[in-house]
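What follows is one structure encoded as structure tokens, with my remarks underneath.
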Amino acid sequence: MVLLAGGGIAVWRSGSSMDAAPAAYLVTTGNDQPIRVGWRHRHLSPALPLKAGQSVRIPDGLQTWLLNQDGALNPVKGPTLVKVAAAPSSEREFLTTPLRQLATTPPAAGSMLPPEAVPVTSPSGLTHYLNPEITWLARQGVLYDVAVVDPADEAAPPRILRGVRPPVRLSALETTQRPELPSDRLFAVIVREAGNSRVSGIARFLTARDATAAEVPTSPPALIEEAIRATAEKPMRAGDAWLALTRLPPEWSDNELVLRLRLRVATELGLTEEVHQVQAAMRKKLGLGS
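So this is what it looks like as structure tokens:
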């Protein structure tokens with residue numbers, strides 16, 4: 090066991106390869122300090138991957154999150170010693186699969202949306218927001234009509250807004266109903282090009298039982314926490330995670346954990362172009378070229 094760090098966070102490695110896949114991550118809470126790993130000083134923001142077998146000593150006064158391979162996000166406050174166990178096989182393998190494998194493996198056949206579709210990116214899957222922000226990947230210069238409908242209640246009037254571009258707040262849609270959605274209920278977002286009867290994009294979503302009228306977080310540490318928690322839920326809060334990830338500062342865009350989260354969410358939403366862009370960023374990070 091070799092001591093690799095002096096001040097700050099001390100990291101020991103025990104029989105692990107330098108290019109091994111991550112088994113856990115330290116994630117920022119916003120009160121970061123430089124971290125010395127080996128002979129290098131690194132910043133925690135937004136996340137630092139840890140290998141199986143590493144032991145990390147968190148110094149006094151530092152608060153952070155530990156993201157385990159099972160997706161659990163646990164608070165850590167120094168001084169303490171964190172020991173990283175090997176990552177078992179699980180459905181959260183996108184966190185621990187070698188980055189090279191993620192960067193070079195094409196999406197499964199049939200998992201992506203057809204090229205002619207207009208992807209609805211939020212809300213989708215489960216959502217914790219009763220007044221969600223509705224987003225879709227709009228084509229340049231095109232206006233859209235948007236509707237939110239209740240598939241289980243044909244008598245319920247739809248919420249509609251015409252001739253708009255994303256993003257659109259649900260409460261901006263015209264309706265005779267309450268401005269917020271009820272919790273624990275299934276809905277669908279339907280997007281059409283303005284004045285066209287043909288559906289361009291659709292997404293179904295479920296409002297969570299504990300959904301609230303809260304807004305999407307604004308601080309970068311809160312956004313990365315939201316993205317992590319959203320991808321861990323069952324069903325995944327894919328739309329909520331998308332909103333959080335697309336609001337992260339540009340300097341965080343090539344962080345390994347952020348790239349892994351982006352790839353997982355893009356795959357869940359069927360976003361072919363986003364998957365290709367993230368995989369290209371991964372290959373660049375690995376020095377593999379395009």
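Each number in my numbering comes from the position in the sequence shown (counting from 1) with 89 added on.
Quick reminder that beta carbons are idealized off the backbone N, C-alpha and C, glycines included.
Cβ distance (whole Å) where residue i is taken to contact residue j below 8 Å
i: L139; j: P111; result: 6 Å
i: E222; j: P256; result: 5 Å
i: H217; j: A292; result: Not really, about 16 Å apart at Cβ, beyond 8 Å.
i: G119; j: S289; result: Contact doesn't hold; Cβ gap of about 39 Å is too wide.
i: G252; j: A283; result: 5 Å
i: L156; j: V116; result: 5 Å
i: R281; j: Y233; result: 6 Å
Simplified DSSP assignment, three categories, for residue i
i: T307; result: coil
i: L275; result: strand
i: V280; result: strand
i: K374; result: helix
i: G328; result: helix
i: L360; result: coil
i: A369; result: helix
i: A333; result: helix
Residues near residue i in its chain [Cβ-Cβ closer than 6 Å; skip 5 each side]
i: N220; result: L259, S260, E269, A302
i: P324; result: G214, L215
i: E345; result: P138
i: P338; result: P309
i: P246; result: T265
i: P187; result: A110
i: Y114; result: A136, P138, L156, L346
i: W331; result: T210, S211, V354
Residues of its chain near residue i, where Cβ-Cβ distance is below 7 Å and the 5 sequence neighbours each way are ignored
i: T185; result: A110, P111, A112, Q158, A176
i: R189; result: L375
i: R353; result: F183, T320
Best match in the options for proximity to residue i [C-alpha to C-alpha]
i: R248; options: P256, E263, R254; result: E263
i: P306; options: A227, I317, R189, N344; result: I317
i: L348; options: W331, A333, V367, P187; result: V367
i: L312; options: G167, P135, Y114, V238; result: P135
i: A174; options: A141, Q122, W225; result: A141
i: E363; options: W341, G378, E340, T335; result: T335
i: Q143; options: P204, V171, V165; result: V171
i: V278; options: D242, E243, V235; result: V235
i: A198; options: L377, T356, G378; result: T356
Proximal residues to residue i (C-beta, below 8 Å), its chain only, five neighbours per side dropped
i: P168; result: R146, I147, P148, D149
i: P161; result: Residue identity differs from the one stated: residue 161 is Ala in this sequence, not Pro. Result list for A161: A321, in chain order.
i: S200; result: T356, G359
Contact the segment 182-196 vs the segment 363-374: 3+ CB pairs below 8 Å = yes
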